[in-house]
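Numbering (UniProt numbering), first residue to last: 1 to 524.
Take a look at the structure below.
Below, the structure written as structure tokens:
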């Protein structure tokens, strides 16, 4: 639990994942995940239809084996997708994926002796309604204001589908918050590694490996401000892909699995997931056993970590490529790597993180609740009546609401900060001059350019470096004044701004203000 300033009403954050959901709540001074009627904080993203009832969450997953055809799961990937792009996936699921007259994905179900074709956002609305009910029970009152997570790679149509689902569920979606931003907010609130001072930053890489996808972001951050320096993702690389590696290993010994129906495949994949977890705990071989399969068949195969990692080489390469893309697009050395999601428990994933970033990843947050908690904290910030520094975190990023447009506030903050630093330097200089005059030291102190004068050389070196940074920053700002794409260019400006403040801090830590005053700060 993390303490935050109190709110008059509950603030809710929702993490809707491909496989599980989580609801977190800020109520009073505490942010925490809430439990469903079975005491579970991980609520399955499952919907089951039978002849008389509709089950959602834990009940739906528990009854899947007796009604495979009408248990819907892993449907978030179908939001606003044309049927032509996902038709090949239809054989992997026991439920029917069909096309409507407009060519969109529908999911066919039988309910109450009738057939229905449902849009994925209608299914999502049912899940959101369930999550609202869980939140109502936990809070003891009717709550309605949510911040909902969204993968960073979702396009405008997919984001609109989530808003539509919230509308169908009669839930007020305050905002869609990207997954990496949600975990960054949660980390800023909970970690002692994040500086309190607004002029200090730590560079953190967030690596999320969920059930179906991988997302990475590098952020420069303190308790008040988060600068998204770069991000990357692989929408089709997640924990389930490593489960499939184990499934294919089993199929090499039991070829009938290659032709197995979707229900059989799901049963075997459950055991593959358990084997993956056990191999993550130790290097000894694990035995994978599945009995009572159709045709009185069974599966019994041993597999160890080295075989698993060898079979996963192509997936690990894709994972490392995603990490390298994010690292190369950011302008700073990563100081901390925070790992989130079930997939990061795979030892080979951790090894890849250390290989690319040069430092071991850490898991200081609860990976199952980090996204929901970040969304809840954002909901609290939106609903907060004040501008408390404990609650408000400014996220500076290159695209506002996923549009390639320049965030003018970023540029304004950049120029304001430069002016503040310049005025601050001058103020300290004048105070120092007044003190010197009182002590009757009338001769002005000049910057020594002699190489033997260490302090003078420091200023000289700093001035040269500062000129280079400012020249680059001016060039970036001039390009932004025209018709610019915005995405990378704003990142570039933010990079120059942070480099500038870092250089200034370096100088002020080692040089008297009387010498700092000789440095001319250019107005951009």
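Every residue, glycine too, gets a C-beta built ideally from N, C-alpha and C.
Backbone CA spacing between residue 378 and residue 186 [nearest angstrom]: Their Cα atoms are separated by approximately 9 Å.
Residue 270 versus residue 145 - alpha carbon distance: 35 Å
Three-state secondary structure (DSSP) of residue 358: DSSP places residue 358 in coil when its eight states are reduced to three.
Length of the line joining the Cα atoms of residue 241 and residue 315: Straight-line spacing of the CA atoms in residue 241 and residue 315 works out to 8 Å.
Cβ distance (whole Å) where residue 216 is taken to contact residue 340 below 8 Å: Contact flag wrong, Cβ pair sits at about 10 Å.
Inter-residue Cα distance where the pair is residue 361 and residue 202: 15 Å
Assigned exposure category for residue 152 - 16 Cβ within 10 Å defines buried: Around the beta carbon of residue 152, 16 or more other beta carbons sit within 10 angstroms, so the residue counts as buried.
In DSSP terms, what residue 104 is bridged to: Within the DSSP secondary-structure output, residue 104 pairs in a beta bridge with 82.
Option in 325, 249, 224 and 352 with minimal Cα separation from residue 311: 249
Opposing strand residues paired with residue 558 [DSSP bridges]: No answer is possible for residue 558: it lies beyond the span of the chain, which begins at 1 and ends at 524.
The segment 214-234 contacting the segment 25-36, beta-carbon criterion three pairs below 8 Å: no
Pick from 303, 273 and 237 that is closest to residue 285, judged by C-alpha positions: 303
Boundaries (first-last residue) of the alpha helix (DSSP H) holding residue 130: 120-139
Residue 265, DSSP secondary structure in three states: helix
Rounded C-alpha distance that separates residue 331 from residue 219: 10 Å
Beta-carbon gap between residue 375 and residue 149 smaller than 9 Å: yes
Three-way DSSP call (helix, strand, coil) for residue 11 in this model: strand
Beta-carbon proximity of residue 181 to residue 395, cut-off 9 Å: yes
Stretch pair the segment 102-113 + the segment 72-90: three plus CB contacts closer than 8 Å: They touch, by the three-pair rule.
Unbroken beta strand (DSSP E) run spanning residue 208, endpoints: It spans 202-209 - the beta strand (DSSP E) in which residue 208 sits, taken as one unbroken run.
Proximity of residue 299 and residue 290 at Cβ, strictly below 9 Å: yes
Residues near residue 10 in its chain [Cβ-Cβ closer than 6 Å; skip 5 each side]: 25, 27, 139 and 143
Extent of the continuous alpha helix (DSSP H) to which residue 581 belongs: Any answer about residue 581 is impossible in this case: the structure gives the chain only from 1 up to 524.
Three-pair Cβ contact test at 8 Å for the segment 60-68 versus the segment 198-212: no
Short Cβ contact (9 Å threshold) for residue 124 with residue 162: yes
9 Å Cβ cutoff met for residue 210 and residue 57: no
Assigned secondary structure, residue 54 (DSSP; H/G/I helix, E/B strand, else coil): The answer is strand: DSSP assigns residue 54 an E or B state.
For residue 128 and residue 531, believed in contact at Cβ under 8 Å, the rounded distance: Nothing can be reported for residue 531, as the shown portion of the chain is limited to 1 through 524.
Paired residues, beta bridge with residue 148 - DSSP: 14 and 176
C-alpha distance - residue 179 paired with residue 266, whole-angstrom precision: Taken atom to atom, the span from the alpha-carbon of residue 179 to that of residue 266 is near 27 Å.
Backbone CA spacing between residue 14 and residue 381 [nearest angstrom]: 15 Å
Cβ-based neighbour list, residue 253, same chain, cut-off 7 Å, excluding 5 preceding and 5 following: 301
Option nearest residue 93 by Cα separation, candidates 157, 260, 159 and 337: 260
Same chain, Cβ closer than 8 Å to residue 78, neighbours up to 5 away in sequence not counted: 86, 97, 105, 107 and 120
Reduced DSSP category for residue 162 - H, G, I as helix; E, B as strand; rest coil: In the three-state reduction of the DSSP assignment, residue 162 falls in the helix class, which pools H, G and I.
Where residue 332 falls: helix, strand or coil (DSSP): coil
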